[in-house]
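*Asks:*
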Amino acid sequence: MSHRKTIDEVTGVETTGHVWDGDICELNKPLPRWWLYTFYVSILWSIGYWVVYPAWPTINGYTKGVLNYSQRDQVQQDIEAWKSGHAKYRTQIAEMSLADIRKNDELFQFSIAGGAALFGENCAGCHGRGAQGGIGYPNLNDDDWLWGGDLEKIHQTIAFGIRSGNPKAHDTAMPRFGIDKVLDEAQIRDAANFVRSFSHLDVDQEAAKRGAQIFADNCAACHGDQGKGNQDMGAPNLTDAIWLYGSSQEAVMQSIRTGRGGAMPAWSERLDPVAVKMLTLYVYSLGGAQAEAGSASTPAAAADKPK
Amino acid sequence: MNTMDQPNKFLIGGDESRATPPPTPRQSDYVPRTKIYPKRAHGIFRSIKWFVMGFALAIYYIVPWLRWNRGEGLPDQAILFDFANQRLLFGPVEIWAQEFYYVTGLLVLGALSLFLVTSIAGRMWCGYACPQTVWTDLMISVERFWQGDRNAQLRLDAQPWSLEKIWKKSATHLSWLAISLATGGALVFYFRDAPTLAVELVHGTAPTVAYVFLGLFALTTYLLGGLAREQVCIYMCPWPRIQGAMVDRDSLLISYRELRGEPRGAHKKGTTWDDRGDCIDCRACVAVCPTGIDIRDGSQLACIQCALCIDACNEIMDRVGRPRELIAYTTIGNLGNATSAPREGWRIIRPRTMLYTAMITLVASLMGWSLLNRAEFEFSVIQDRNPLFVVLSDGGLRNGYMIKIANKVEGVRHFKLRFSGPANLQPKFVEFDGTDPTIEVNPSEVRAVKVFLMLSGPQRKELRSDAEPVTIELQDVESGKTASRATTFRSPP
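Top line first, the protein sequences correspond to chains A and B.
Okay, so the first sequence: first residue is 3 according to our numbering, each after it adds one.
Okay, so the second sequence: first residue is 542 according to our numbering, each after it adds one.
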């Protein structure tokens, strides 16, 4: 600091030495001393933090501080607090039937909220974040259900899965008509044409006529004479607008040729019963399901008649 | 103009050092505070200040105890900052967190009013109404009560410690602490039901946060009002720095009328007043000043314009038989004219004040209008985005919507929903049976309702675009009021 001090002539006060616009200087006015002390106090205060809170890294860890404070513990406590807050709902959900929970506004809202979180963690990987599904993974929003779309059936499917290895799982599968040489390629083509004719898709009418007999001999046992499917077998309704593996001639032929057998885990093996119930109610809340078996209260179900 | 330059008391050196710069002794970077002993003033402005102080303190202490009946289950405190439930209650108005702009509006109004008042009459706020001024004034009065006026205090501080000095000082500080506790104590009442909290505070069962804030505000009141006083105005507050842009030649400023007062000097009774100014250099104006400045140095940052120097000087002028208002509310325009009266030609109505008034009117009317037309319920519709639409087994389509209804008034409300858009849209509710449920919403609550709109396969063919406009109308069953929101019905492109 060897610069020469400059003194403002009017006030006689030393300036900071900075000059703006050629002649504007700033007086170097002293700070009040208490301001300095406040600064010292704040330094002391920060040292207080070292003592009270975790601060310094050590070879094996860190200084814990006298409060032994940990944000992880804090989070754990918060989670425990929430869980105990949820306990009353969870015991009720465990005891009540799905239909009764659905009629209880508070429990239903709680289940939907919890189910949405569970769905995001466990189901969205295959079914998609919005449960919209994809090729081979059913869309859970629509009203077409392979294994039944009432609360009890959905619950069963989630709890025990599909071809999951669980003894109570849905286990039937579409045979491999082509690979196992039950049908030859021409017969598969004819059958596919017939199947697609149910939904008034663009088909080769001649082939479809030949396919009718093949369908009656090989497919009707599961899919029904009218192709309406059978939810006990997981045999899809072939007459509706929803195609799990696509509705093109090639996609349908592929299904007949190699069979289909998608799998879903048995979630009762991974989640607690209350979680499975909450997931069920969440899937129900997506709009395509019915509350009770055989219920036809929704317009979609009412409209589900032969075209 | 001399800014915050107090009479060069922290200058080391002086005239000699200015003449011969090289050997200047090093100027300290820090200065100790010079304690100020403001003398009690008597006069019209002191009276106004007592009145404003009483009024402001009364508002502060009484408001939390005012009641307002809102009905069952809701707090009955007229003004309550109910942070626990994320709402502010102002009598009949309940402001939710998402409507915090009303509070912003109040702050904008406050700022604009401050600008207006300052441009008309200078630092009225600082001089009379600022909490720092009010509480400092209160603390100073208490100090005078125990230790006597300026001269007695000066004598007391010069004395060595004695029993008398100890008890007088202790009494002062204890009174300050009591006032501070009462200040902090009153503040917490704004945030929790006052009668309940008062009992809780006494029994030691109040929430910890109440004690923390009580303690915090007691401490800051004691520090800022009792000890720091003018240091807050001079060193901490940003307003003195801004005010320079607020005043102009037509703003009233408390000023020493130099042309009338100078040359100053002692005056012997009976001698002539010719060829001299009216200022007898008695320093009465300096003695009463709560920030310890000499107003005769001109308008300055440290002057909070409390007008006590006017009272002090008027008293002296009366005594020596000269006209009052040697120090006066006057304008910069008048200061340059020896013969003009202090407020001659003072213009209140001028572009600056008109502009502020217009802005205040605008903001106030906007807020008033929006408060009057504020819906008693809030209603929002969010269309599902994932998936945008669902194809149903008959080839029909379904769209999902999350409807949220907030009931912002007292009592349970019931609502009905109506949908209009493409023909034959069928609603379906997740939580309710039927297509026309009555939705019940509790007071101060938001209810989420999931609804699906559906079109069957054949009806779907009548859609004209992949995003048909849909209007969802909500009707309050009790009042019949409706609100509607526009959304769309989406289909595959």
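Virtual Cβ for every residue (Gly too), placed ideally from N, Cα, C.
For clarity, every value in this text was computed on a predicted model and none was experimentally measured.
Sort A:P140, A:Q251, A:K183 and A:T282 by Cα distance to A:N195 and report the nearest one.
*Replies:* Closest option to A:N195, Cα to Cα, is A:Q251.
*Asks:* By the criterion of Cβ-Cβ separation under 7 Å, what are the contact partners of A:S287 in chain B?
*Replies:* Ordered by position in chain B, the residues that pass the 7 Å Cβ test against A:S287 are V971 and K991.
*Asks:* Please return the same chain residues whose Cβ sits closer than 8 Å to the Cβ of A:D227, not counting the five positions on each side in sequence.
*Replies:* Once the five neighbours on either side are set aside, the close Cβ partners of A:D227 are A218.
*Asks:* Does DSSP put A:C27 in a helix, a strand or coil?
*Replies:* If DSSP states are grouped into helix, strand and coil, A:C27 belongs with the strands.
*Asks:* Could you name the residues of the same chain whose beta carbon sits closer than 8 Å to that of A:I181, not counting the 5 residues immediately before and after it, in chain order?
*Replies:* So the list reads R259, T260 and G261, once near-sequence residues are dropped.
*Asks:* Would you kindly check if the distance between the Cβ of A:K170 and the Cβ of A:F162 is under 9 Å?
*Replies:* Taking 9 Å as the Cβ cut-off, A:F162 and A:K170 qualify as a contacting pair.
*Asks:* Would you please verify whether the beta carbon of A:F179 is less than 9 Å from any beta carbon of chain B?
*Replies:* No, its Cβ sits nowhere closer than 9 Å to a Cβ of chain B.
*Asks:* Alpha carbon to alpha carbon, how far is B:I845 from B:A582?
*Replies:* Looking at the two C-alpha atoms, the distance is approximately 16 Å.
*Asks:* Where in the stretch 942-1003 of chain B do unbroken runs of the alpha helix (DSSP H), each at least 4 residues long, occur, reported from the N-terminal end onward?
*Replies:* Within the stretch 942-1003 of chain B, the complete alpha helix (DSSP H) runs of at least 4 residues are 998-1001.
*Asks:* How is B:I851 classed by DSSP in three states: helix, strand or coil?
*Replies:* The answer is helix: DSSP assigns B:I851 an H, G or I state.
*Asks:* Going by the CB atoms, is the gap between B:P1010 and B:T1029 shorter than 9 Å?
*Replies:* Yes, the pair counts as a contact, with Cβ atoms nearer than the cut-off.
*Asks:* How would you call A:E123, buried or exposed, if buried means at least 16 neighbouring beta carbons within 10 angstroms?
*Replies:* Looking at its Cβ environment, which holds fewer than 16 other Cβ atoms inside 10 Å, A:E123 is exposed.
*Asks:* DSSP puts B:E1014 in a beta bridge; with which residues?
*Replies:* For B:E1014, which the question treats as bridged, DSSP gives the partners B:R959 and B:S1025.
*Asks:* Are three or more beta carbon pairs between the stretch 865-876 of chain B and the stretch 633-643 of chain B nearer than 8 Å?
*Replies:* No, the stretch 865-876 of chain B is not in contact with the stretch 633-643 of chain B.
*Asks:* Taking only beta-carbon atoms, is A:S299 less than 9 Å away from chain B?
*Replies:* The predicted model places A:S299 with a pLDDT of 38, which falls under 50 and marks its position as unreliable; any figure quoted below should be read in that light. Yes, its Cβ sits closer than 9 Å to a Cβ of chain B.
*Asks:* In or out: A:H20 buried (at least 16 other Cβ within 10 Å) or exposed?
*Replies:* Per the 10 Å Cβ criterion, exposed.
*Asks:* Can you tell me whether B:T561 is helix, strand or coil according to DSSP?
*Replies:* With a pLDDT of 44 at B:T561, under the threshold of 50, the modelled position of that residue is not reliable, and the figure given next carries that caveat. Correct three-state label for B:T561: coil.
*Asks:* Here's the rule I'm using: 16 or more other beta-carbon atoms within 10 Å means buried, otherwise exposed. How should B:L907 be labelled?
*Replies:* Result: exposed.
*Asks:* Which ranges does the beta strand (DSSP E) cover as unbroken runs of at least 3 residues, wholly within the stretch 60-137 of chain A, from first to last along the chain?
*Replies:* The stretch 60-137 of chain A contains no whole beta strand (DSSP E) run of 3 or more residues.
*Asks:* Going by the DSSP bridge assignment, what does B:V572 pair with across the sheet?
*Replies:* A:P34.
*Asks:* Take B:I775 and list the residues in its own chain whose beta-carbon comes closer than 8 Å to its own, dropping the five residues that flank it on each side.
*Replies:* If we look at B:I775 and ignore the five residues flanking it on each side, its Cβ neighbours are M545, P781, T832, L842 and A843.
*Asks:* Just to check my reading of the structure: B:C823 and B:G802 have Cβ atoms closer than 8 Å, yes? What is that Cβ distance to the nearest angstrom?
*Replies:* At roughly 12 Å, the Cβ-Cβ gap does not stay under 8 Å, so B:C823 and B:G802 are not in contact.
*Asks:* Rounded to whole angstroms, what is the Cα-Cα separation between A:V285 and B:V950?
*Replies:* Looking at the two C-alpha atoms, the distance is approximately 34 Å.
*Asks:* Nearest to A:V53 by alpha carbon, out of A:R191, A:L203, A:T93 and A:T65?
*Replies:* A:V53 has its Cα closest to that of A:T65, out of A:R191, A:L203, A:T93 and A:T65.
*Asks:* Assuming contact is defined by CB atoms lying nearer than 9 Å, are B:L765 and B:V753 in contact in what I supplied?
*Replies:* Their beta carbons are not under 9 Å apart, which means B:L765 does not touch B:V753 by this criterion.
*Asks:* Going by CA-CA distance only, name the one from A:G14, A:V12, A:T93 and A:Y55 that's closest to A:Q73.
*Replies:* Of A:G14, A:V12, A:T93 and A:Y55, the residue nearest in Cα terms is A:Y55.
*Asks:* At a cut of 8 Å, does the stretch 705-713 of chain B reach the stretch 580-599 of chain B through at least three beta carbon pairs?
*Replies:* No, they do not touch.
*Asks:* Beta-carbon of B:R959 versus every beta-carbon of chain A: anything under 9 Å?
*Replies:* Not closer than 9 Å to any Cβ of chain A, the Cβ of B:R959 fails to qualify, so no.
*Asks:* What residue range is occupied by the uninterrupted alpha helix (DSSP H) comprising A:H2?
*Replies:* Any property of residue 2 of chain A remains undetermined from this structure, which presents chain A solely from 3 to 309.
*Asks:* So, are the CB atoms of B:N948 and B:E917 less than 9 Å apart?
*Replies:* Against a cut-off of 9 Å, the Cβ pair of B:E917 and B:N948 comes out as a contact.
*Asks:* Could you check the C-alpha separation between B:P564 and A:K7 for me, to the nearest Å?
*Replies:* Bear in mind that a pLDDT of 48 at B:P564, under 50, signals an unreliable position, so the model cannot answer this.
*Asks:* Just the C-alpha distance for A:L283 and A:S257, rounded to the nearest angstrom, thanks.
*Replies:* For A:L283 and A:S257, the distance between alpha carbons rounds to 31 Å.
*Asks:* Could you say if the stretch 679-689 of chain B and the stretch 603-621 of chain B meet the contact criterion of at least three C-beta pairs nearer than 8 Å?
*Replies:* No, the stretch 679-689 of chain B is not in contact with the stretch 603-621 of chain B.
*Asks:* Roughly how many angstroms separate the alpha carbons of B:L938 and B:P978, rounded to a whole number?
*Replies:* About 22 Å.
*Asks:* What are the complete beta strand (DSSP E) segments, minimum 3 residues, inside the stretch 728-809 of chain B?
*Replies:* Listed in chain order, the complete beta strand (DSSP E) runs (minimum 3 residues) inside the stretch 728-809 of chain B are 793-797.
*Asks:* Let's see if you can read the secondary structure: which residues bound the beta strand (DSSP E) around B:Y870?
*Replies:* I868 to T872 is the span of the beta strand (DSSP E), which, as asked, contains B:Y870.
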